[in-house]
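**Student:** Each residue of the sequence shown is one higher than the one before, counting from 1 in the UniProt record's numbering.
Below is the structure I would like to discuss, written out as structure tokens.
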Amino acid sequence: MSAFFRKRKLRYPLIALLALGMAAAILISLWSEWAAGIFTLLFVLAFTATWVTEKRVYEATEKHIETLSYRMKKVGEEALLEMPIGILLVNEHYDIEWANPYMTSMLEYDTLIGESLYTLSEDFHPLVKSEEKELTIALGDRKYRVYYKADDRLFYLFDITEQVEIESLYYADRTVIGVLFIDNYDELAQGMDDQTRSNLNSLVTSLVNQWGADYGIFVKRISSERFMAVFNESILKELETSKFAILDDIREVTSKDNLALTLSIGVGAGSASLVELGSLAQSGLDLVLGRGGDQVAIKHPSGKVKFYGGKTNPVEKRTRVRARVISHALRDLIQESDQVFIMGHKMPDMDSIGAAVGVAKMAAMNKVKGRIIIDFDAYDRSVMRLMEVIEGEPELFSQFITPEEALAEMTENSLLVVVDTHKPSMVIDERVLQRMERVVLIDHHRRGEEFITNTMLVYMEPYASSTAELVTELIEYQPKHEKLSMLEATAMLAGIIVDTKSFTLRTGARTFEAASYLRSNGADTVLVQRILKEDLETYIERAKIVQTVEFVSNGIAIAKGESERVYSPVLIAQTADILLTMKDVNASFVVAERSEGGIGISARSLGEVNVQIIMENLGGGGHLTNAATQMPNSTIEEAIEQLKAVILEDTEGGKNE
1 MSAFFRKRKL
11 RYPLIALLAL
21 GMAAAILISL
31 WSEWAAGIFT
41 LLFVLAFTAT
51 WVTEKRVYEA
61 TEKHIETLSY
71 RMKKVGEEAL
81 LEMPIGILLV
91 NEHYDIEWAN
101 PYMTSMLEYD
111 TLIGESLYTL
121 SEDFHPLVKS
131 EEKELTIALG
141 DRKYRVYYKA
151 DDRLFYLFDI
161 TEQVEIESLY
171 YADRTVIGVL
181 FIDNYDELAQ
191 GMDDQTRSNL
201 NSLVTSLVNQ
211 WGADYGIFVK
221 RISSERFMAV
231 FNESILKELE
241 TSKFAILDDI
251 REVTSKDNLA
261 LTLSIGVGAG
271 SASLVELGSL
281 AQSGLDLVLG
291 RGGDQVAIKH
301 PSGKVKFYGG
311 KTNPVEKRTR
321 VRARVISHAL
331 RDLIQESDQV
341 FIMGHKMPDM
351 DSIGAAVGVA
361 KMAAMNKVKG
371 RIIIDFDAYD
381 RSVMRLMEVI
391 EGEPELFSQF
401 ITPEEALAEM
411 TENSLLVVVD
421 THKPSMVIDE
431 RVLQRMERVV
441 LIDHHRRGEE
451 FITNTMLVYM
461 EPYASSTAEL
471 VTELIEYQPK
481 HEKLSMLEAT
491 AMLAGIIVDT
501 KSFTLRTGAR
511 TFEAASYLRS
521 NGADTVLVQR
531 ILKEDLETYI
541 ERAKIVQTVE
551 FVSNGIAIAK
561 GESERVYSPV
571 LIAQTADILL
581 TMKDVNASFV
591 VAERSEGGIG
601 ISARSLGEVN
611 VQIIMENLGG
621 GGHLTNAATQ
631 MPNSTIEEAI
641 EQLKAVILED
651 TEGGKNE
């Protein structure tokens, strides 16, 4: 009990009242002794009753407080020893000095005293290092929410196993919506008779329905080429574990009948809103189709995307109907503009320059001035040789301008055409892209999550060998006010030759048709070879990199450049191409330092390994057989370790983006 209460200060005013009563009795006795006697008797009785009452209240209060203190002490001891809360007290070395019985019984130890905290779980590290104030830790088969009082080196552990299980059940049962799309169904069905088409429909429907029955998915065919699927996130995890085997099933079964049917799937997950799930599923499907199909994209509201599949090259379109429609739409946009600006990607290659020259020619064909935006200090040696040749043609060379000049010249009626990239971060100057309201996009790369959104017209065809091929087809449908010059046709042909590795990779019938058109317009193949020639020093540098090759898996080779030595992106890419020509190499990766800092990785494949997904997992992108990435804050050794980890992960399944 407190000393303040034991002083019993209530008695001080009672004593003062007694003194006043005695003084009053004396004064009254001067007036009347009889009256003084009565007053004194009554006052003494009242004072005595008050005094006794105060004493009883004090004693009762003291007894109550003592009883309450005992009960509180007992409850506190019981809380420490019996309540379902784990308590651990550790010393400065994080050895356990004391643990309450609940903690000991839950971990099934005879005693925890003397055990190291990290023996229980390494997950205590972030708490001890003050990186986290609270943490969920698994001990045995139970989950605990742990709080740490650093001053007392005291841990409180609350069992949240049931809460975690309920939460897991909730998330596992959340609805997921998928949209399945049969790639190239219309093209294949056009040449079939009714019986064959009916058999194909029955085959595809039975395969998809069987897939749905195997996993407990509701599947409904909503059109000749589309299915709707409804399932939950626990089923989605099973599908991810199986790597969406339906993709392989459709491809393999239909290939037996000489049909090139593949399946594209967009999945919306992670939201409680059915409307949002449907939108995410359609967005994921659009993303997959932009990447060439035969893939699955699982999209979440946060923007996170997972990709699966992508084992086949995009199928080349048999008709040029879309090329003609796009060409006419582009013609109208050009004619409505006062001038056309063309911009490729940073460190432009032959395809980027060739496509830009082609678009500038389209502007001239429509009697509109075309200007090609380029950084004259940032391109590789082959492009440098091409630019030296272009300098000999003043009329063509005058079309090349810097980003600063473009920013000064552009108006509200100007048109910007972005070629050979669809990523805002990859264009030569983002300021130009941000300033322009009228934007057209022409690209042949598989679409990534990062995408230029403020576009009036998009022409993306992953089946195409190069952007120069796409631009060549568009030129064929433009007004013929002007003809392609020899140098313009040569620049475009060089872009096709470089991206197809001299017509050996990603080459279709339309690639040769485009090359034939350029050749008929005077493209000089000898000049192309002269531009693409390499010097002896470059050849020796490539050979030194090839000497470092190591195999990390069946047919997957990794080579690296010397530390603290800068290599050009073209040299890295050429080395990856050379590795791919060697026996037993199905995919090649070359890792080296880049001139702008950081590490560059160039990846090539014969098609069995999807290098695009591997590079996307490291922040890059590209095609199924041709991709690359840049890792700004890394060393060669760190980059190779990350690359190996992603390769191993990719051989087991999907990818996060």
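Cβ atoms here follow ideal geometry from the backbone N, Cα and C, with glycine treated the same way.
Note that the structure is predicted; figures quoted are calculated from it, not measured.
Taking the CB atoms as reference points, tell me whether residue 617 and residue 646 lie closer together than 7 Å.
**Tutor:** yes
**Student:** For residue 443, count neighbouring C-beta atoms within 10 Å of its own C-beta (all shown protein chains included) and say buried if the count is 16 or more, exposed if not.
**Tutor:** buried
**Student:** Which of the three DSSP states, helix, strand or coil, is assigned to residue 421?
**Tutor:** coil
**Student:** Look at the alpha carbon of residue 220 and the alpha carbon of residue 514, and state the distance between them as a whole number of angstroms.
**Tutor:** Taking the Cα positions, residue 220 is about 41 Å away from residue 514.
**Student:** Alpha carbon to alpha carbon, what distance is there between residue 217 and residue 230?
**Tutor:** 6 Å
**Student:** Where do the ends of the alpha helix (DSSP H) carrying residue 244 lie?
**Tutor:** From DSSP, residue 244 is part of no alpha helix (DSSP H); its letter is neither H nor E.
**Student:** Need the endpoints of the beta strand (DSSP E) that residue 406 sits in, please.
**Tutor:** No beta strand (DSSP E) contains residue 406, which is instead part of the alpha helix (DSSP H) from 403-409.
**Student:** Give the C-beta separation of residue 158 and residue 85 to the nearest angstrom, bearing in mind that I take them to be a contact with Cβ-Cβ under 8 Å.
**Tutor:** About 6 Å separates the two Cβ atoms, so the contact holds.
**Student:** Determine whether the beta carbon atoms of residue 464 and residue 493 lie at a separation below 7 Å.
**Tutor:** Going by beta carbons, residue 464 and residue 493 fall outside the 7 Å limit.
**Student:** Whose C-beta lies closer than 8 Å to the C-beta of residue 643 among residues of the same chain, with five residues either side of it excluded?
**Tutor:** 558, 589, 591, 601, 614, 618
**Student:** How many Å lie between residue 166 and residue 471 at the Cα?
**Tutor:** Near 56 Å, if we compare the C-alpha coordinates of residue 471 and residue 166.
**Student:** In whole angstroms, what separates the C-alpha of residue 180 from that of residue 579?
**Tutor:** 37 Å
**Student:** Given 8 Å as the limit, is there contact between the region 286-296 and the region 252-261, that is, 3 or more CB pairs closer than that?
**Tutor:** no
**Student:** Going by the DSSP bridge assignment, what does residue 145 pair with across the sheet?
**Tutor:** 136, 158
**Student:** Have a look at 333, 247, 16, 486 and flag the residue whose alpha-carbon is nearest the alpha-carbon of residue 211.
**Tutor:** 247
**Student:** Closer than 8 Å is the cut-off here; do at least three beta carbon pairs connect the region 414-434 with the region 294-307?
**Tutor:** no
**Student:** Might you give, ordered along the chain, the residues of its own chain that have their beta carbon closer than 7 Å to the beta carbon of residue 152, omitting 5 neighbours on each side?
**Tutor:** none
**Student:** On the three-state DSSP scale, how would you describe residue 387?
**Tutor:** helix
**Student:** In its own chain, which residues sit with a C-beta less than 6 Å from the C-beta of residue 375, not counting the 5 before and 5 after it?
**Tutor:** 428
**Student:** To the nearest angstrom, how far is the alpha carbon of residue 140 from that of residue 107?
**Tutor:** 7 Å
**Student:** Can you list, in chain order, the residues of its chain with a C-beta nearer than 6 Å to that of residue 655? Leave out the 5 residues immediately preceding and following it.
**Tutor:** Low confidence applies to residue 655: its pLDDT is 43, below 50, so where it sits in the model is not reliable enough to give any reading.
**Student:** Relative to the C-alpha of residue 459, which candidate in 381, 414, 420, 270 has its C-alpha closest?
**Tutor:** Check the Cα spacing between residue 459 and each of 381, 414, 420, 270: the tightest is with 420.
**Student:** So the alpha helix (DSSP H) residue 685 belongs to, where does it begin and stop?
**Tutor:** Examination of residue 685 is not possible in this model, given that the chain is present from 1 through 657 alone.
**Student:** Does any residue of chain B have a CB that is nearer than 7 Å to the CB of residue 558?
**Tutor:** Looking at the structure shown, chain B is missing, and only one protein chain is on hand.
**Student:** CB-CB under 6 Å to residue 29, same chain, minus the five flanking residues each way: which ones, in chain order?
**Tutor:** Around residue 29: 36.
**Student:** Within 10 angstroms of the Cβ of residue 399, are there 16 or more other Cβ atoms? Answer buried if so, exposed if not.
**Tutor:** Buried: at least 16 other Cβ atoms inside 10 Å.
**Student:** Apply the 10 Å Cβ neighbour rule to residue 173 and answer buried if 16 or more other Cβ atoms are within range, or exposed otherwise.
**Tutor:** exposed
**Student:** What number of angstroms, rounded off, separates the C-alpha of residue 58 from the C-alpha of residue 25?
**Tutor:** When rounded, the separation of the alpha-carbon atoms in residue 58 and residue 25 is 30 Å.
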